[in-house]
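Chemist: Residue numbers (this note's numbering): -15 to 816.
Just dropping this structure here.
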Ligand code: ADP
Ligand code: ASP
Ligand code: MG
C-alpha cells in the first residue's frame, strides 16, 4: 500500500493530456468529459499539441531550411485545426480561433521565409514554430470547456512562456524555480478557482526568448506546474492504461504495472519508456507529488501510480530499450593499472559535451567501453583520440573503435537489490534467443541491469527477456494442423478446459494458429476457441506452413508446440525442422515415427539440438497408455521380453464380429458403412497401419527396425489392390470361401482368428492373422478394443495387459490433450 497524503478537493490538481489524447475532435470531446467530471475546485490542465502536430510543424522548418515549398503543408495544418474547431465550439468562437490561427500562420510564414533565405533552420526559429501546436490545443480546449461548462468554471488558458523560465545546459533544460514561482504567483492568484488550461512543451529562457523543454516535454511541463501550484497529485493521461512492463508496441504481452517507485519510473524513462519524459520526475520527487499515468480512452482504469513507495510486485518492474546508440571501445594493455585513465576519458567527453549513457569496464582495465547516442559517436571518438594521442602513438592503447547501430536493453526494479539470479535470468533469456551481448552494466543501486546489443536484435531481445520474467513459465503457444474429427474435438476440449487449467495450474494454453487442408486461421494473442469453427470457415488465408510456424513460435512467448492431427507424410517431414527450432511436437500421426530409421534418428537429434520435446502416445492404441508404459518399464530398469497386441480397432472389430454365419466381405462392407473403417478399407486390411504401430513400439525398445524388414500379412488380395473401392468390395466376395476355410479350420481346433502384431526382444517382428485359443485373452475382445500384452522380467508369469478402446475422436483427442499436459508439466520443471 502507498502512504500518500489524502487528496484534498481544495488543493490544485494538475492533469496532463498528451498528443495521443488530443488527436482529433472526438479526442477533445473525451478529454472535455474527463476534465468536467473532476470534482476539484482548482484544476490545471496541461496540454500537448494534437498528435503528430509537432512533427508536422518541424517538417515545415526542414522544408524551409532546404529552400523547398512549405505553403501546402502549412495550409493542411490549418485545415486540420479548423476542422477540429468546427466540431467543438460554436460559430463565433470558431471564427475567433481561426482568425488567431491566421495571425499565427503569418508569423510562421515569416520565420520560414527567413529560414529559406538563410538556407538553414536555426534552433530558435524551429522552437517557435514547433511550439504553436501547444498554443492551438490550449486555446481550443479552453474554448470547448467554456462552451460546455460556462465561463464561471472554464475558459481560461495560460501561456507557459509567461511562467516557466529555464536555463539550457548539456543535461537539458534546468528550471529557474524562483523566477518561475514568482511568475506563477503573479498570474494565478491564490483565490483562483476553476479550470485553467496550460500549454505544455513551451517555456522561456533567461533572456525571455521562447524555447521548448525538448521532444515529449509536456510531461515535464506538467510536473513543473504541479510543483509551482503545490498540487498533491499529477495525472498524466495518455493512450495506454499506464506504465507497462515493456513498450506494448514491441511486446504484445506487456502488462500494466500498478505501482512504481519514483526511482523505478526514472530508470524506465531514462532507458527509453516513452510513456514518461525522463525529466518529469525531478519536480514531483522534490515535492512528494504522486504521479498517476492513465488512459484517456479508458478513464475507468485506475492506471499506474508512481510515488515514494511502491508495491513490491516482484523483482523487476519493467524492461526497456533505447535505440540509436553507438559503442565506443577504448582498448589497450597500456591502461592496466594506470590510475586516472577513466577520469581523463570522462573529462574529455564532458568538455566535448558528450553525455554517456552506459559505461562498462573490463576488470583487467584492458578496455573501457561507453555507449553514447549515435549522433555523438564520431565526436566522442575524436576527443578520445586527442586525449589519448600519446598512448595511441606509443602503442599503450591500441585502438578507439566505434560500433554503430546499437541498442541498450535494461531490466529495472527496486526488488532486484539483493535478489540473486536476476542477471542470470536476463542473460539466459538473451542467450536462448541467440542474441549477442556486447557490453553489460549494472547500476550499483542494483535497480537496473543493462546490456548493449545490435539494434536489429532489440525487439527480439525485449520479447525474449519479457517472456522470461513476466509470463507464466507455462505459457504455451499452440498451433493445430488438421481440424477434422480429431483436431476439431481437441480444439473443443481445449476450449472447455482452458479456464480451469489457467486457474488451477497457472497453465496458459494459447491456440494461435489452426490449419486445415487449404486455409489457416491465425490469432493475434490467441484464437477465440468458442467460435473457432466459424472463424476458420470464414477465413481466407491460404495455408503457408512457414508463416504458420513463425506465428506459432513468436519471440514473445516462452514455449511453442505444433500439434499435427493429420495423417500427412509431408507435414511429418517438417517435424525435424520444427524440433531443431525449439518447437515441441505432439501428434497422433504415425508417419514420422514409423518412417525411415534415418528420419527417426534425425528427429531425436533435432529435439536435442533444439531443446524441444515430442509426444506421440496416440499413435498406438489412441489414448491407451501404451508408449508411456514401455517408457516407465524401461526407465525403471525392467527388461521387456515381448510385446503382443491387437493394435487395430478396425481389424479387431471385423474378427470379433466374423463368426462364420455371414461372409467376411459382407462384414467388411457393413463396417465401412458404419464408419468403422478408413474410407478405403484396404488401408486397414493391408496391415500397414498395424505394421507402423509395431515399428513405433519396437523403436521405443531401442530396436532399429523398418517397415519392409518384417513380415506383414495383407488381407487385401493382390488382384484387388488396383481396383476402385467399390470394385474392391465387390471383388472381395470372391475370396470369402478362402477366409471361411481358415475360420472353419481354426474353429475345429477350438480357436478363433485374430489379427495380431508380435515383437520379441531380439527384434523379431511379425504382423498377421493368427489362430488363438478360445480361452485366450485375445479371443474375448469387445468391439473395437485394442489389447497389448507385455512380458518382462517383472511381468514374466502373468503379462502386463493394457486393454480398451483404441480409436475414436474423443479418446484420441483426449490422448493428445494428455500429451500436451505432459509437455506442460515438463516445462514447469525447468526443462524446455
Ligand atoms: P502522449 O502523446 O500521451 O505523450 P506518448 O506517445 O508520448 O503519449 O507515450 C505513450 C506511448 O508510449 C504508448 O502509446 C506506448 O506506445 C509508448 N511506450 C513505450 N514504452 C512504454 C511503457 N513501458 N509503458 C507504456 N507505454 C510505453
Ligand atoms: N508536442 C511535443 C512533442 O511532440 C511535446 C509533447 O507532446 O510532450 O514533442
Ligand atoms: Mg509523451
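For glycine and all other residues, C-beta sits at the position ideal for the given N, C-alpha and C.
Since the structure is predicted, the reported quantities are computational estimates derived from the model, not experimental observations.
1) Using a threshold of 7 Å, is the CB atom of residue 68 nearer than that to any non-hydrogen atom of ligand 2?
2) Using DSSP with H/G/I as helix, E/B as strand and the rest coil, what is residue 148?
3) With contact counted as at least three CB pairs below 8 Å, one residue from each stretch, are the region 724 to 738 and the region 667 to 687 in contact?
4) Would residue -3 be called buried (16 or more neighbouring beta carbons within 10 Å of its own) or exposed?
5) Report all residues for which the CB-ligand distance to some heavy atom of ligand 3 is below 5 Å; order them along the chain.
6) Helix, strand or coil for residue 512 per DSSP?
7) What I want to know is whether the C-beta of residue 117 ends up closer than 7 Å to one or more non-hydrogen atoms of ligand 2.
8) Return yes when the C-beta of residue 4 is under 7 Å from any heavy atom of ligand 1, and no when it is not.
9) State yes or no: is the C-beta of residue 279 nearer than 7 Å to some heavy atom of ligand 1?
10) Helix, strand or coil, according to DSSP, for residue 689 in the structure here?
11) Using the rule of at least 16 other Cβ atoms within 10 Å of the residue's Cβ for burial, across every protein chain shown, is residue 392 buried or exposed?
12) Count Cβ pairs between the region 589 to 604 and the region 693 to 703 that sit closer than 8 Å; are there 3 or more?
13) If we call anything under 8 Å between Cβ atoms a contact, is residue 38 one with residue 117?
14) Between which two residues does the alpha helix (DSSP H) containing residue 333 stretch?
15) Quick check for students: name the residue ranges of the beta strand (DSSP E) that lie wholly in the region 195 to 261, counting only runs of 3 or more.
16) Are the Cβ atoms of residue 671 and residue 638 separated by less than 8 Å?
17) When you compare only the Cα positions, how much space is there between residue 802 and residue 408?
18) Are residue 795 and residue 606 close, meaning C-beta to C-beta below 8 Å?
19) Under 8 Å between the Cβ atoms of residue 336 and residue 352?
20) Taking only three categories from DSSP, how would you classify residue 54?
21) Return yes when the C-beta of residue 817 is under 7 Å from any heavy atom of ligand 2, and no when it is not.
22) Alpha carbon to alpha carbon, how far is residue 2 from residue 398?
23) With a threshold of 7 Å (Cβ to nearest heavy atom), would residue 302 be considered close to ligand 1?
24) Tell me the residue span of the beta strand (DSSP E) that contains residue 543.
25) Here's the rule I'm using: 16 or more other beta-carbon atoms within 10 Å means buried, otherwise exposed. How should residue 190 be labelled?
26) Please determine whether the Cβ atom of residue 60 lies at a distance below 7 Å from any heavy atom of ligand 1.
27) Taking Cβ positions, are residue 31 and residue 121 nearer each other than 8 Å?
28) Can you give me the Cβ contacts of residue 500 inside the same chain, cut-off strictly under 7 Å, excluding the 5 residues immediately before and after it?
29) Please tell me whether, using a cut-off of 7 Å, the distance from the CB of residue 318 to the nearest non-hydrogen atom of ligand 2 is below it.
30) Determine the extent of the alpha helix (DSSP H) in which residue 434 is found, giving its start and end residues.
31) Return yes when the C-beta of residue 397 is under 7 Å from any heavy atom of ligand 2, and no when it is not.
32) Taking 7 Å as the line, does the beta carbon of residue 252 fall inside it for any heavy atom of ligand 1?
33) Comparing alpha-carbon positions, which option in 115, 790, 211, 389 lies nearest residue 602?
34) My output table needs one value for residue 706: the three-state DSSP class, helix, strand or coil.
35) Starting from residue 458 and walking both ways along the alpha helix (DSSP H), at which residues does that stretch end?
36) If contacts are defined as beta-carbon pairs under 8 Å, then residue 820 and residue 196 qualify, I think. What distance do you get, rounded to the angstrom?
Modeler: So, from the data block:
1) Look at residue 68: its beta carbon is at least 7 Å from all of the heavy atoms in ligand 2.
2) Three-state result, residue 148: coil.
3) Segment contact: the region 724 to 738 against the region 667 to 687, fewer than three CB-CB distances shorter than 8 Å; contact not assigned.
4) A residue is called buried once 16 or more other Cβ atoms fall within 10 Å of its Cβ, and residue -3 is buried on that count.
5) Taking each Cβ in turn, the ones that pass are 2, 200.
6) DSSP places residue 512 in coil when its eight states are reduced to three.
7) Residue 117 Cβ: within cutoff of ligand 2.
8) Checking every heavy atom of ligand 1 against the Cβ of residue 4, one is found closer than 7 Å.
9) Because no heavy atom of ligand 1 lies under 7 Å away, the Cβ of residue 279 does not count as near it: no.
10) Coil.
11) The residue is buried, with at least 16 neighbouring Cβ atoms inside 10 Å.
12) The count of Cβ pairs closer than 8 Å, one atom from the region 589 to 604 and one from the region 693 to 703, stays below three, leaving the stretches out of contact.
13) In contact: residue 38 and residue 117 (Cβ atoms closer than 8 Å).
14) Its alpha helix (DSSP H) spans residues 325 to 335.
15) Within the region 195 to 261, the complete beta strand (DSSP E) runs of at least 3 residues are 217 to 222, 243 to 245.
16) It is not a contact, given that the beta carbons lie outside the stated cut-off.
17) If you take the alpha carbons of residue 802 and residue 408, they lie about 33 Å apart.
18) The beta carbons of residue 795 and residue 606 sit closer together than 8 Å.
19) No, they are not a contact pair.
20) Of the three classes helix, strand and coil, the one that applies to residue 54 here is coil, per DSSP.
21) The chain is shown only over -15 to 816; residue 817 falls outside these bounds and no answer can be derived.
22) Take the alpha-carbon of residue 2 and the one of residue 398: they are about 28 Å apart.
23) Yes, ligand 1 has a heavy atom inside 7 Å of this Cβ.
24) Boundaries of the beta strand (DSSP E) harbouring residue 543: 543 to 548, taken from the DSSP string.
25) So residue 190 counts as exposed.
26) Residue 60 Cβ: outside cutoff for every heavy atom of ligand 1.
27) In contact: residue 31 and residue 121 (Cβ atoms closer than 8 Å).
28) Correct list, in chain order: 466, 467, 520.
29) With a cut-off of 7 Å, the C-beta of residue 318 is classified as distant from ligand 2, since no heavy atom of the ligand falls inside that distance.
30) Run containing residue 434: none in the alpha helix (DSSP H); it sits in the beta strand (DSSP E), 432 to 438.
31) The answer is no for residue 397.
32) Residue 252: yes, Cβ under 7 Å from ligand 1.
33) Distance from the Cα of residue 602 is smallest, within the candidate group 115, 790, 211, 389, for 790.
34) DSSP, reduced to helix, strand and coil, places residue 706 outside both helices and strands of the structure shown, so it counts as coil.
35) No alpha helix (DSSP H) holds residue 458; DSSP gives it neither H nor E.
36) What the structure shows of the chain is the stretch from -15 to 816, and residue 820 is not part of that stretch, so it cannot be assessed.
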